[in-house]
Structure formats: structure tokens, C-alpha cells
Amino acid sequence: MKLRSKDILGLEDMSPEDIGTILDTARDMKKIVVGKIKRVNYLQGRTVVTLFYENSTRTRVSFELASKYMGANAVNVSVATSSVAKGETLIDTGRTLDAMGTDIIIIRHSKSGAPHLLARNVKASVINAGDGMHEHPTQALLDMFTIKEALGGIKGLKVAILGDIYHSRVARSNIIGLKKMGAEVNVYAPSTLMPPGMEAYGARICESIEDAVKDCDVVMSLRIQLERQKKALFPSPAEYSRFFGLNGENIKGARKDVLLMHPGPVNRGLEMTSALIDGDNSVIETQVTNGVAVRMALLYLLTGREEK
Amino acid sequence: MRYLIKNVRLVNHDAVTENVDLYIDNGIVAHIGKDCLQDADRILEGNGLYALPGLVDAHCHLRDPGFEYKEDIASGTRSAAKGGFTSIACMPNTNPVVDNAAVVRYIMDKAKREGVVNVYPIGSITKGQAGEELSEMGSMKEAGIVAVSDDGRPVMNSSVMKKGMIYASQFNLPVISHCEDLDLAEGGSMNEGVVSTMLGLRGIPSSAEDVMVAREILLSEYTKVPIHIAHVSTKTSVQLIRDAKRRGVKVTAETCPHYFTLTEEACKGYNTNAKMNPPLRTSEDVEAVKEGLRDGTIDIIATDHAPHHFDEKNVEFDLAPNGIVGFETAFPLSYTYLVATGILSLPQLVHKLSTAPSKLLNIDRGTIETGKAADIILVDLDNEYSIDVSAFLSKSKNSPFDGFKVKGRIVTTFVSGRIVYEA
């Protein structure tokens, strides 16, 4: 098995076949993640660098463990201590890592398109671990893997995505990926957090939470990205949770066995009540476990590409 | 030098004359007619070429002083000459800003020494383009400015803008406004719409331009001072200007070739050579700009020539500076997209690229007439080619038009009867 591209930059340029390949490979990888001995040698002798220009715990650790479980040399470049602080450009940093023999660079960056710029200028494979408000392909892949694992497939499902769509790269990647795999997608947000042109993605813009979640198989709530908001785009957290937060009442129109998802970290009580977060329908922790499996699959498929 | 240009089609803003000879003596058009018999130092055979008044650019950036690594007066004027521009008005956002007579004199002197086309500086409306205190417009006018503008840093304070307009009018200086409400623009880096959402980039709503166009029209209407709207890019701006002209407001407007040839789609793939301000808009806006050009709502085509170094553009989209080079693509793009498509006649194009900007800037150019300065370009309109940025004479190559198929090549450029460019 192999992927067609050198890089994983977004779901926009990924075919349904490639997505299928990744999800199938992740199923095998998950056995390793949940097994006792978390060690295989698929990436032995390979070097994987995580280059994070934004704070992150779960994604960075997830990638680092995925690399280590497969025997790679995993290095974490933290921006505060690197040459970036001295004014080095992204391209020069990338070329430096290239020159040291890096096979895969995993980048997170606050500027949309930064991974694309890097990919055009380095020999190493580049994985986008989240760029600005653009895409977060590995999150969407792990979400789709979680859905497929729980419900047996994606085609024909109804999925609602709620919350701060405007700033959310998770929402963009998920909408693109889910549509490609044949799901229906509903979106709902405060009007100040709904970006223009969502219709072009083929998503339905809903009137209310109740309208959005009706008969849904999956409901995905997004984190309010307080750090990305230059100005308050809603009046207060109390008003947000009252009109836009998910709770035991407004979720009732969804299917009984609906999967409740959240990319984390959750602002408890704001986006979703604690009862829902910790309840039976929640798969938030499974998403985290699956994240490692999906990232192992990607690393495996990217390095396998060169050996064909 | 005396030149005899034989057998050209002479195009002025109001007429085309077939098969005439032009005789240039001592920098002046000495005779226009058939079968000139005068002695000449050099005879140029017209053979199907068109003779147009040298193009006049009401809006460019020469980057000198302060940013000579992007462009300087020597390279910028050579780029202009290659593009057929014989007179160019440069914006004041240099370092230091053109907000006093000393900087104006520096540009005028350097242009005289090193430039090959006529350079007309534009002074700032406010000191340091900071939008607070008025610049010394009177002294700058004495030193040579032809207009005032704070260009890319619009005067947000409406009261300061009003004072700037009435003060400028006392010195008969046109006021040029880059219309952008900075609060609405909110640091966006491309047009707000489907493409900005897909690329995850912050958008600049078209209303950021429209709101300011409306303000300038209202201020002009109130003060009776003419206003010139720079680089119109939206459908609503075109409509606002059209309505204002109808009720007699003294408003004029310009657009640039990129606003009638490209849409926001050009930003896809994070192409920083498609990043400019105002940003590329939608196809609906492009159509409205073309209609505005056709019906005369938009008087002028300017380049907004904005050179940037390759390294400055080869960065994250958000971090790249705004602007593209324009001297060497403006004529072929305008000809190909406006004249060859039947939107404008050739004389109308001459009006928008030469006569109208001359009138705006109050300079005695923009027409080929006996007794006037011989600023003339010879153009081969049948010449079809692909734009090649590597052949640009500008120091910078930041253009989204590389590889575009166009028609119309500048063959020879005369400034005051002197050849400054020959293909």
C-alpha cells in the first residue's frame, strides 16, 4: 500500500481511495497502540521531526508517540528555543532540517498555507498538523476512523458540526473529508462565527442546534478558540452556552446511539455539558487513542511510498 | 535629434488617423501629415504600427528613497518605458515618506539624473501618512508634486480627510484616496468569500472599500472639492461612483488591469503574487469594473506598480506584502481584455491610459498634437506573445501574469522626442 503524494497537506487534495487506505491501515496500527508491547520497526532508522509554531499538547505528543512506537528517531523542535526566535524564515528552517537528513517534518503553524510553502521547498515529506484556520487533516482522519470504527462506515451518515466554524481548521477538514466519503453534513454556529461560502463545501447551514442534530448519527462540537479571537464574537460565555452549547435537551432529536465527538481540549460547560462529555455517547477519549493509530498509519504509508 | 516616423496609424483619445507621418524635432511634434519631406536624423518605418500618446500612470510605487532593493528610479522608469509609460506619478509611501519638499526634490533630482521617463511625485495628505496632521502641501507643490494621497494608509479620521481635501484644493492639488475602512478590513489578507474560507485566510469584505468610497463621495459633495478614487475593485464602488457622477459630484476613478482580469481564485495555492490591496474580488466585481470602464464611470486605468523582492513574497501568505508589478503588463492586458473583446475602442483606451490621467494630474501630456512634447509610443497590436516575468526591466518580478497570452507589444517609446525604449 502506498499514497500518491509526498506530503499530507489537507483533505482537499486527497482522494477517497487514499482516505480509505489510511483508515484501513490505521485499523492495524490500533492493535499496536492498545497492545502490551507498543513497538514495531516500520520506521527504524527514519527521522521524524515535529516542528510546532503553536502550542499543542495532544497533537504533538500523539505524533511523537506514533513515531516512537514504530521505532523512528523522533525529535521535537520547539519554536521558542530554535533559530525561529532569531528571525529565521520557515523555508530556511525547513532546509536546515532537510540538510540534517529528516525524512518527515510534521508542522503546526498559525499561518494558513505554511505547510504548503514548506512542502514546496524541502525534500522531506511534510505532514500538516494544523495550519491557521485552513486544515487539520490528521484530526479529520482520526475522526473519520472513529466514526467508521463505531458505526461500520461513513457513507450515508448524517453528521452535525457545531460551534466556532469560522476559526476551525478541524471543521474545514472534517466537512471536506466527510463529504468525500459520502456523509451528509449539517453546520450550525453563531452567525458571527460562520464563515462566508460554506454552501460551496456542500454543507447545510442550519437554523438551530435542534435543526442541525435532528436524526444525526454523529454530533461534533468544536472548541471555542478564545486565543484566535481578536474581538469578542459573542457577548459572553454564559450566552454562548445557553444558545449554542450542546446539552441533554437540545441533543434529543439526534439518534439514540449518536456519537458525541470533540477534538479537544474541551471547555467544559461552554461547548457541551459535562454530563454529555462524560456520558455513554461520548467517544472523546477514543478519538485520542485513535489519533495515535491514524498518525502511525500516515507515517508508515509516507515512508513506504519511497520504497516502491 | 530629428525623427521621421512614416506610415503609422495615429490614435488620439478622440480619433484614429490612418497612414500619417510624424515629424519630431527638438523634442516636439513638429508636423503631422502625409508624405513629410523634412530632413530627419533617423527614419522609422511604421508598417502597420500604431502611434499612441505615451501612457500616463496616475498610480505607481518607485520605492525610492528607502526600498531600493525592490526598485529605484533608474530601474522603475526603464520598466515604465518598456511598458509604454512616458509619465508616471509615484506614491509617497517611501522611507522617508514624501511629506515635505526635501523628499520631493530628492525624487525630482534623481529622476532628472537617472530616470528615462517623466516622474511626478505625489505627496502625502498627512505627515508620515499617519492620518493626523496635514503635510506641507504648499511647499511640496512648489517642489513638484502633482497630487496628494496617503495611499495604502487611508485617512481613517473623516475630519482630517475633510481638512486635507479643502486644504489641497487651495493649491489646486487633486486628492487621491485609497478607500479602505481598516476596522472592517481587520487585518485580512484577501477578499472575504468562498475562497478565503477554503484557504482559511482572514477576509477583507468588499464593504471595507464601499464604505470609504461612500464617505469620500459625501465629503466631496459637501466640500465641493474633487476626489479621485484609487484602484476601484468592487461592484458596489462602481455603482456608488456612477450614481455620484450622475448627480454632479466631482468624483473621478481609476482601476488597475488586475481588477478586470483576475478574481480571488488566483490566490488558490497561497499564490502571494495574487496578494494585493484592495484584494482580487469575484467575477461579478470583475464584470462590474469592466462595465464601469465601458460606460465611463471609471475614467482611468492605472498600474499600481508595486515591486517587492522575491524573498518578501516567498513566505506565508499572511506575511507577504501587498502588490504586484504592473508597468510592463498594463498595456497588453488592457488591450487584450478590453479592446480585443470590444468593451472599449482603441481611442477610449488611449483616453483611460493617457489623456484622462494627464487631465487628473494637470500635466500637459496625453495627446499627440503639433507643438506638444513628443511623448509617443509605437505599438504592434497584432503581436501575440506570452508574458515572461524574467524579461521585465523592473528589479522585481512579482506578477501573477507570467505565462498569460496577450496581444499588443510596445515597440518604441519616445519621451520628449528621445527614444527611451526600443524592442
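Chains as they are written, first to last, in my numbering: chain A, 1 to 308; chain B, 1001 to 1423. Quick reminder that beta carbons are idealized off the backbone N, C-alpha and C, glycines included. It should be emphasised that the depicted structure is a prediction, and the values quoted were computed from it without experimental measurement.
Option in the options with minimal Cα separation from residue i
i, options, result
"Cys1267 (chain B)", "B:Arg1202, B:Lys1163, B:Gly1066 and B:Ala1230", "B:Arg1202"
"Ala212 (chain A)", "A:Ser274, A:Leu246, A:Val33 and A:Lys180", "A:Leu246"
"Pro235 (chain A)", "A:Lys252, A:Glu199, A:Val219 and A:Ser191", "A:Ser191"
"Asn281 (chain A)", "A:Ile37, A:Ser208 and A:Lys256", "A:Lys256"
"Leu1184 (chain B)", "B:Val1225, B:Lys1162 and B:Pro1154", "B:Pro1154"
"Ile277 (chain A)", "A:Leu260, A:Val288, A:Thr286 and A:Asn290", "A:Leu260"
"Leu1393 (chain B)", "B:Thr1263, B:Ala1143, B:Arg1113 and B:Arg1078", "B:Arg1078"
"Asn1273 (chain B)", "B:Ile1324, B:Thr1303, B:His1258 and B:Val1225", "B:Ile1324"
"Arg1063 (chain B)", "B:Leu1262, B:Asn1007, B:Ala1111 and B:Gly1054", "B:Ala1111"
"Val294 (chain A)", "A:Leu151, A:Ala203, A:Ser5 and A:Ile19", "A:Ile19"
"Thr1367 (chain B)", "B:Tyr1167, B:Gly1054 and B:Ile1032", "B:Gly1054"
"Glu1186 (chain B)", "B:Ser1206, B:Asp1151 and B:Gly1131", "B:Ser1206"
"Val159 (chain A)", "A:His136, A:Met133, A:Ile91 and A:Lys214", "A:Lys214"
"Pro1096 (chain B)", "B:Arg1281, B:Ala1130 and B:Arg1113", "B:Ala1130"
"Glu1312 (chain B)", "A:Asp28, A:Thr25 and A:Glu88", "A:Glu88"
"Gly1188 (chain B)", "B:Ser1220, B:Val1175, B:Pro1278 and B:Ile1410", "B:Pro1278"
"Gln304 (chain A)", "A:Glu17, A:Gly10 and A:Ile22", "For the record, residue 304 (chain A) in the displayed sequence is Gly; it is not Gln. Ranking the options by Cα distance to Gly304 (chain A), first place goes to A:Ile22."
"Pro1357 (chain B)", "B:Cys1090, B:Cys1036, B:Ile1032 and B:Val1020", "B:Cys1090"
"Met1161 (chain B)", "B:Ile1204, B:Arg1215, B:Gly1144 and B:Arg1113", "B:Arg1215"
"Met1156 (chain B)", "B:Glu1132, B:His1013 and B:Asn1172", "B:Glu1132"
"Thr1303 (chain B)", "B:His1231, B:Val1251 and B:Pro1226", "B:His1231"
"Gly1248 (chain B)", "B:Pro1257, B:Gly1292, B:Tyr1120 and B:Leu1218", "B:Leu1218"
"Asp92 (chain A)", "A:Asn76, A:Ala74 and A:Leu117", "A:Leu117"
"Ile1107 (chain B)", "B:Ala1143, B:Gly1138 and B:Ala1080", "B:Ala1143"
"Val79 (chain A)", "A:Asn55, A:Leu97 and A:Thr96", "A:Asn55"
Per-residue burial, residue i [other beta carbons within 10 Å of its own, 16 or more giving buried]
i, result
"Gly153 (chain A)", "exposed"
"Val37 (chain A)", "Per the sequence shown, residue 37 (chain A) should be read as Ile rather than Val. The residue is exposed, with fewer than 16 neighbouring Cβ atoms inside 10 Å."
"Leu3 (chain A)", "buried"
"Ser1159 (chain B)", "exposed"
"Lys308 (chain A)", "Because the pLDDT at Lys308 (chain A) is just 39, under 50, the model does not fix this residue reliably, and the value given afterwards should be weighed accordingly. Exposed, by the Cβ-count rule."
"Arg1246 (chain B)", "exposed"
"Val340 (chain A)", "In the structure as shown, chain A starts at 1 and stops at 308, and residue 340 (chain A) therefore has no counterpart that could be examined."
"Ala1015 (chain B)", "exposed"
"Glu1209 (chain B)", "buried"
"Gly1083 (chain B)", "buried"
"Met100 (chain A)", "exposed"
"Leu226 (chain A)", "exposed"
"Tyr240 (chain A)", "buried"
"Thr1370 (chain B)", "exposed"
"Ser125 (chain A)", "buried"
"Glu135 (chain A)", "buried"
"Ser62 (chain A)", "buried"
"Thr1197 (chain B)", "buried"
"Phe244 (chain A)", "buried"
"Tyr1270 (chain B)", "buried"
Within 8 Å, strictly: CB atoms of residue i and residue j
i, j, result
"Leu43 (chain A)", "Met14 (chain A)", "no"
"Glu1071 (chain B)", "Lys1395 (chain B)", "yes"
"Thr47 (chain A)", "Ala72 (chain A)", "yes"
"Leu1333 (chain B)", "Tyr1050 (chain B)", "no"
"Leu1346 (chain B)", "Val1056 (chain B)", "no"
"Ser1087 (chain B)", "Arg1365 (chain B)", "yes"
"His1305 (chain B)", "Asn1398 (chain B)", "no"
"Met1140 (chain B)", "Val1104 (chain B)", "yes"
"Asn174 (chain A)", "Arg223 (chain A)", "no"
"Val1420 (chain B)", "Val1116 (chain B)", "yes"
"Ile176 (chain A)", "Glu285 (chain A)", "no"
"Ile1122 (chain B)", "Ser1135 (chain B)", "no"
"Ser1386 (chain B)", "Phe1404 (chain B)", "yes"
"Gly1128 (chain B)", "Gly132 (chain A)", "no"
"Gly1193 (chain B)", "Glu1264 (chain B)", "yes"
"Glu271 (chain A)", "Ser221 (chain A)", "yes"
"Ala1058 (chain B)", "Leu1361 (chain B)", "yes"
"Leu193 (chain A)", "Ile161 (chain A)", "no"
"Ile205 (chain A)", "Val187 (chain A)", "yes"
"Arg1009 (chain B)", "Ala1040 (chain B)", "no"
"Thr25 (chain A)", "Tyr201 (chain A)", "no"
"His1228 (chain B)", "Val1175 (chain B)", "yes"
Exercise. Does the segment 1241-1255 of chain B touch the segment 1296-1305 of chain B, meaning 3 or more C-beta pairs lie closer than 8 Å?
Worked result: Yes, the segment 1296-1305 of chain B is in contact with the segment 1241-1255 of chain B.
Exercise. Can you find at least 3 beta carbon pairs, one from the segment 1316-1330 of chain B and one from the segment 105-112 of chain A, that sit closer than 8 Å?
Worked result: Contact between the segment 1316-1330 of chain B and the segment 105-112 of chain A is present, because at least three Cβ pairs lie under 8 Å.
For this session: With a floor of 3 residues, list each beta strand (DSSP E) that falls wholly inside the segment 1102-1187 of chain B, ordered by position along the chain.
Result: Counting only runs of at least 3 residues, the segment 1102-1187 of chain B fully encloses the following beta strand (DSSP E) elements, listed from N- to C-terminal order: 1118-1123.
Exercise. For the segment 1346-1365 of chain B against the segment 1229-1237 of chain B, are there 3 or more C-beta pairs whose distance is under 8 Å?
Worked result: Cβ pair count under 8 Å is below three, so no.
Problem set entry | 3-residue-minimum beta strand (DSSP E) runs that sit fully inside the segment 1181-1266 of chain B, ordered along the chain | Taking only runs of at least 3 residues, the beta strand (DSSP E) segments lying wholly in the segment 1181-1266 of chain B are 1227-1229 and 1251-1255.
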